[in-house]
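Chains as they are written, first to last, in the numbering used here: chain V, 1 to 639; chain P, 1001 to 1264.
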């Protein structure tokens, strides 16, 4: 369809060509409710006309905050239809971050999911001069809020219906005015330094990524996807909004964030997109369940898991799989792999993607071996979420895949990955200087990632280019590479490695409360809190063993020599990580300067003073003395 | 204005212990009335008399003008008075969903045989009740707990499910006996919000016994204070807070009761 050059026109096309096919579902009151593309279109139209009645104009910005809800997606598409720009924000952001984004983008309308989100807007309203209207989806608890600027979603749709009787062609006329180079969405990047930057993505970008993806992989109008990742993340916008509109598949919104796992299983999506954390959590859940199972079941599971992994390693290396192993795998498929895939809701998935951060090779291998077509994808907000993707036959845990059709990749002098093509963003909002820094006159975008192309033509990402340093003896030091080795352990939730311009490598480790807590309970080790658990000698021994395992896969020079167990997890609320859970290195090394000092001065304890920021912005301080541990080369394990 | 629930001069003695002496209370339609007082003041006894658990030695209790003084607890429940208990009363081995469905029991007309056949009316009825229960599940945001046995839930969540079980009755009056006892700060805030929402959006009249003064002062329309089985004060939160008799009962000296989690 040549004329469908904007998302709004794609909506019109879908409403015409896919009128009665499911477009979006939401689980409500325990039941999946479906809207067809025809209904999707009508909902968007009514809300858009309601916005028009409230004076929302071309170029203005509308923010959405909340969980993945059809109405919040419709509100974004409605804004796009009128030539406005949606600005989705992370609902777990603290007030200061929200105020920055809403002010910076000068949002005129905010569509909030419920009372909790409305309260956040309420608290910031004085600081938001551009804000005119707040719309809420779920009226629960909002009856006693009487403000003329606060309206229910139905209320706006009602306005839209009466507006339509006076201006029957307004909606269609506004869509006609839309151009492919118009900004379609602004996604804020939770940069690891400084204030977030507003990445402007155009309709051409949105359609560009969808076309590139469609050429690179198999995606069909009858597909089902689960829309559960934060709407503010470019990946969700690309998947649930752009790709769904272009391809016409159905997006499914879970009942609540807590029910995602169960909803996933009920739905059995045919395509799955999940960050490494989700895959790790799923594997942990399987391992915990297996450990709790009776001896016979456990034995069967372990046996067939080993079979599957042997076969997968042979496959990945391109070697033939012996007949015996193939037969064992067929039996395993009936007894173990299919039931596990079914339990995890992955039984119908033709492919599953992981991206955003590297995934531990063992986790990757596990899912591949039980028959999940898991593949790595690479992209960033500035590339509309997509650069490269692994073809199904070439999936492996180390590369980021082949650049998608139409997207060019080259490696700059210092190893930085450069990208060019229809997916490169228009620029940062109100920050031309930053835009010029990352897009050169020839249109190449600097990703900031260090990497190389392997002989097969796959892109391999090592680390953030600016984080790659060197030990004092000159050995290259890529902290993330080392941290990922640790984070593969189910007991390690987060790790930060140090070593740049030092003699050896050290690491701070945040344990995973669930798995370590479970481990402790099994052994009858009592504990009260995260802090208490993290400082148990037994836990220390456990983590030491995990670090040793990680060390085995690292070159001798970059093996971890000393470590410390943090008394709390690293948190985005404390500015230690970004909302997408990337470590803010500079901030962390300043905050934990005393720890680094102890690491390299040979100290054995250090005073940790952790200030914690609660979601409402209040802060508290936690003080404790923490041991600095040596990994030790040949010490016998305590556990 | 006639009260929705009227308690007139009720007294109750257990052997030689006079638990409640000539206490009168009125709950107006749509209000949140808190009953506070030191331990052993007779608060729970009053609640037990309203719900038909105990029958007063003297005095009358009426609901919408109808005398319910001597009715059995099941009859009182049918007339629209639901309650929660200080020490959670749920079926621990049953799922959250089943506990809530059980709360609908007084509204179910299908007999054992009909339910067994599960056809025609029985099925239709079950679906209708399930719908109502789903509204409550949504209201309390416990979608993820439907199939969990209640015994496996954290204490604060059990309290929430118990509130749900009482709400499943579609009560006119909700009696809450220390709904926040043993809860942490966040659970208390959630519970306070639920109570306010039940009251405002569903129009349910609430009679609340609670020790957390901060919560009581925040959400009550009126407060009645019991001490040694007698009502010593009644009125708006600010009046009660400043009442010297109340301060004396609580603290034994002259000081203002502050907002915050002081325990009685």
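Yeah, the Cβ is synthetic: ideal placement off N, Cα and C, and Gly gets one too.
As the structure is a prediction and not an experimental result, all values here were calculated from the model.
Review point. Can you tell me where the beta strand (DSSP E) with residue 1068 of chain P in it begins and where it stops?
Key: Within the second chain, the letter at position 68 stands for residue 1068 of chain P. Run containing residue 1068 of chain P: none; DSSP gives neither H nor E here.
Point to revise | Closer than 9 Å to chain V by CB, residue 1068 of chain P | key: Translated into the one-based positions of the second chain, residue 1068 of chain P becomes position 68. So, not an interface residue.
**Study point:** Inter-residue Cα distance where the pair is residue 401 of chain V and residue 1187 of chain P
**Key:** For the purposes of this step, residue 401 of chain V is taken as residue 401 along the first chain, with counting starting at 1. For the purposes of this step, residue 1187 of chain P is taken as residue 187 along the second chain, with counting starting at 1. Whole-angstrom Cα-Cα distance: 47 Å.
Point to revise | Cut-off 8 Å between Cβ atoms - residues of its own chain near residue 536 of chain V, not counting five sequence neighbours on either side | key: Looking up residue 536 of chain V in the first chain gives position 536. The residues are 520, 525, 527.
**Study point:** Residues bridged to residue 252 of chain V (per DSSP)
**Key:** In the first chain, residue 252 of chain V corresponds to position 252, counting from 1. Answer by DSSP bridge pairing, in chain order: V/25, V/226.
Review point. In chain order, what residues of the stretch 130–145 of chain V put their CB closer than 8 Å to some CB of chain P?
Key: Correct list: 140, 141, 143, 144.
Point to revise | Distance between residue 408 of chain V and residue 439 of chain V (C-alpha atoms, nearest Å) | key: Sequence index remark: in the first chain, residue 439 of chain V carries index 439 (1-based). Sequence index remark: in the first chain, residue 408 of chain V carries index 408 (1-based). So the alpha carbons of these two residues sit roughly 14 Å apart.
Point to revise | Identity of the residue in V/309, V/301, V/20 nearest residue 369 of chain V by Cα | key: Within the first chain, residue 369 of chain V is the residue found at index 369, counting from 1. Looking at the Cα atoms, V/309 is the closest of the given residues.
Point to revise | DSSP bridge partner residues for residue 1018 of chain P (one or two, in chain order) | key: Sequence index remark: in the second chain, residue 1018 of chain P carries index 18 (1-based). Partner(s): P/1013.
Check your understanding: residue 255 of chain V versus chain C: which residues are under 7 Å apart at the beta carbon?
Key -> Annotation note: the requested chain C is absent from the structure, which comprises protein chains V and P.
Review point. Quick one: what does DSSP say residue 1263 of chain P is sitting in, helix, strand or coil?
Key: Here residue 1263 of chain P corresponds to residue number 263 of the second chain, with the count starting at 1. With a pLDDT of 41 at residue 1263 of chain P, under the threshold of 50, the modelled position of this residue cannot be trusted; read the value that follows with caution. Coil.
Point to revise | residue 451 of chain V, DSSP secondary structure in three states | key: Residue mapping note: residue 451 of chain V aligns to position 451 of the first chain, counting from 1. Residue 451 of chain V: strand per DSSP, three-state reduction.
Practice item. Tell me whether the beta-carbon of residue 584 of chain V lies closer than 9 Å to the beta-carbon of residue 593 of chain V. Key: Here residue 584 of chain V refers to the residue found at position 584 when the first chain is read from its first residue. Here residue 593 of chain V refers to the residue found at position 593 when the first chain is read from its first residue. No, they are not a contact pair.
**Study point:** Rounded C-alpha distance that separates residue 321 of chain V from residue 315 of chain V
**Key:** As a first step, residue 321 of chain V is located in the first chain; it is residue number 321 there, counting from the start. As a first step, residue 315 of chain V is located in the first chain; it is residue number 315 there, counting from the start. Going by C-alpha positions, residue 321 of chain V is about 7 Å away from residue 315 of chain V.
Practice item. Given a cut-off of 9 Å, decide if residue 211 of chain V and residue 422 of chain V are closer than it, judged by their beta-carbon atoms. Key: Locating residue 422 of chain V in the first chain gives position 422, where the first residue counts as 1. Locating residue 211 of chain V in the first chain gives position 211, where the first residue counts as 1. Their beta carbons are under 9 Å apart, which means residue 422 of chain V touches residue 211 of chain V by this criterion.
**Study point:** Own chain, CB closer than 7 Å to residue 36 of chain V, minus 5 neighbours either side, in chain order
**Key:** The residue given as residue 36 of chain V occupies position 36 in the first chain. Within the same chain, residue 36 of chain V has close Cβ partners 19, 20, 21, 22, 23.
Review point. Does the beta carbon of residue 573 of chain V come closer than 9 Å to any beta carbon on chain P?
Key: As a first step, residue 573 of chain V must be located in the first chain, where it is residue number 573. With 9 Å as the cut-off, residue 573 of chain V does not count as an interface residue toward chain P.
Exercise for review: Out of P/1117, P/1215, P/1070, state which residue places its alpha-carbon closest to the alpha-carbon of residue 1183 of chain P.
Suggested key: Taking the first residue of the second chain as 1, we reach residue 1183 of chain P at position 183. With distances taken between Cα atoms, residue 1183 of chain P lies closest to P/1215.
Practice item. Would you kindly work out how many angstroms separate the C-alpha atoms of residue 12 of chain V and residue 80 of chain V, rounded to a whole number? Key: For the purposes of this step, residue 12 of chain V is taken as residue 12 along the first chain, with counting starting at 1. For the purposes of this step, residue 80 of chain V is taken as residue 80 along the first chain, with counting starting at 1. If you take the alpha carbons of residue 12 of chain V and residue 80 of chain V, they lie about 13 Å apart.
Check your understanding: In the structure shown, what three-state DSSP assignment does residue 1027 of chain P receive?
Key -> As a working note, residue 1027 of chain P is residue 27 in the second chain. Correct three-state label for residue 1027 of chain P: strand.
Check your understanding: Rounded to whole angstroms, how far is the Cβ of residue 225 of chain V from the Cβ of residue 195 of chain V, which I believe are closer than 8 Å?
Key -> Position 225 of the first chain, counted from the first residue, corresponds to residue 225 of chain V. Position 195 of the first chain, counted from the first residue, corresponds to residue 195 of chain V. Contact doesn't hold; Cβ gap of about 32 Å is too wide.
**Study point:** Meets three-Cβ-pair contact criterion under 8 Å: the stretch 1003–1010 of chain P and the stretch 1018–1026 of chain P
**Key:** yes
Point to revise | For residue 259 of chain V and residue 1144 of chain P, believed in contact at Cβ under 8 Å, the rounded distance | key: The sequence position of residue 1144 of chain P within the second chain is 144, counting from 1. The sequence position of residue 259 of chain V within the first chain is 259, counting from 1. So it is a contact: roughly 5 Å between Cβ atoms.
Practice item. Return no unless some Cβ of chain V is closer than 9 Å to the Cβ of residue 1159 of chain P. Key: Within the second chain, the letter at position 159 stands for residue 1159 of chain P. Not one chain V Cβ lies under 9 Å of residue 1159 of chain P.
Exercise for review: Could you tell me the distance, in whole angstroms, from the CA atom of residue 151 of chain V to the CA atom of residue 44 of chain V?
Suggested key: As a working mapping, residue 151 of chain V is identified with position 151 in the first chain. As a working mapping, residue 44 of chain V is identified with position 44 in the first chain. Rounded to whole angstroms, residue 151 of chain V to residue 44 of chain V spans 17 Å at the Cα level.
Review point. In chain V, which residues lie with their C-beta within 8 Å of the C-beta of residue 1193 of chain P?
Key: Taking the first residue of the second chain as position 1, residue 1193 of chain P is located at position 193. Identification of chain V residues near residue 1193 of chain P by a Cβ-Cβ cut-off of 8 Å yields 141, ordered along the chain.
**Study point:** residue 153 of chain V versus residue 48 of chain V - alpha carbon distance
**Key:** For the purposes of this step, residue 153 of chain V is taken as the residue at position 153 of the first chain. For the purposes of this step, residue 48 of chain V is taken as the residue at position 48 of the first chain. Taking the straight line joining both Cα atoms gives about 11 Å.
Check your understanding: Going by beta carbon distance, what residues of the same chain come within less than 6 Å of residue 486 of chain V, once the five residues before and after it are set aside?
Key -> One-based indexing of the first chain puts residue 486 of chain V at position 486. Same-chain partners within the cutoff: 492, 495, 550.
Check your understanding: If we call anything under 9 Å between Cβ atoms a contact, is residue 32 of chain V one with residue 267 of chain V?
Key -> As a working note, residue 32 of chain V is residue 32 in the first chain. As a working note, residue 267 of chain V is residue 267 in the first chain. Cβ distance < 9 Å, so residue 32 of chain V and residue 267 of chain V count as in contact.
Practice item. Tell me whether residue 330 of chain V is buried or exposed, calling it buried when 16 or more other Cβ atoms sit within 10 Å of its Cβ. Key: Position 330 of the first chain, counting from 1, holds the residue named residue 330 of chain V. It is exposed - the Cβ of residue 330 of chain V has fewer than 16 other Cβ atoms within 10 Å.
Exercise for review: Assess, as a yes-or-no matter, whether the stretch 1225–1238 of chain P is touched by the stretch 1013–1022 of chain P under the definition of 3 or more beta carbon pairs within less than 8 Å.
Suggested key: yes
Exercise for review: Inspect the beta-carbon positions of residue 207 of chain V and residue 87 of chain V and report whether they are closer than 9 Å.
Suggested key: Counted from its first residue, the first chain places residue 207 of chain V at position 207. Counted from its first residue, the first chain places residue 87 of chain V at position 87. Not closer than 9 Å, so no.
Check your understanding: Could you give the C-beta distance for residue 680 of chain V and residue 378 of chain V, rounded to a whole number, given that I count them as a contact under 8 Å?
Key -> The structure shown does not extend to residue 680 of chain V, since chain V is modelled only from 1 through 639, so no value can be given for it.
Review point. Is residue 171 of chain V helix, strand or coil when you go by DSSP?
Key: Position 171 of the first chain, counting from 1, holds the residue named residue 171 of chain V. Three-state result, residue 171 of chain V: helix.
Check your understanding: Are any of the Cβ atoms in chain P nearer than 9 Å to that of residue 84 of chain V?
Key -> Residue 84 of chain V sits at position 84 when you count from the first residue of the first chain. No, residue 84 of chain V does not count as interfacial toward chain P.
Review point. Which residues of chain P have a Cβ atom closer than 8 Å to the Cβ of residue 29 of chain V, listed in chain order?
Key: The count along the first chain starts at 1 and reaches residue 29 of chain V at position 29. In chain order: 1131, 1134, 1135, 1137, 1138.
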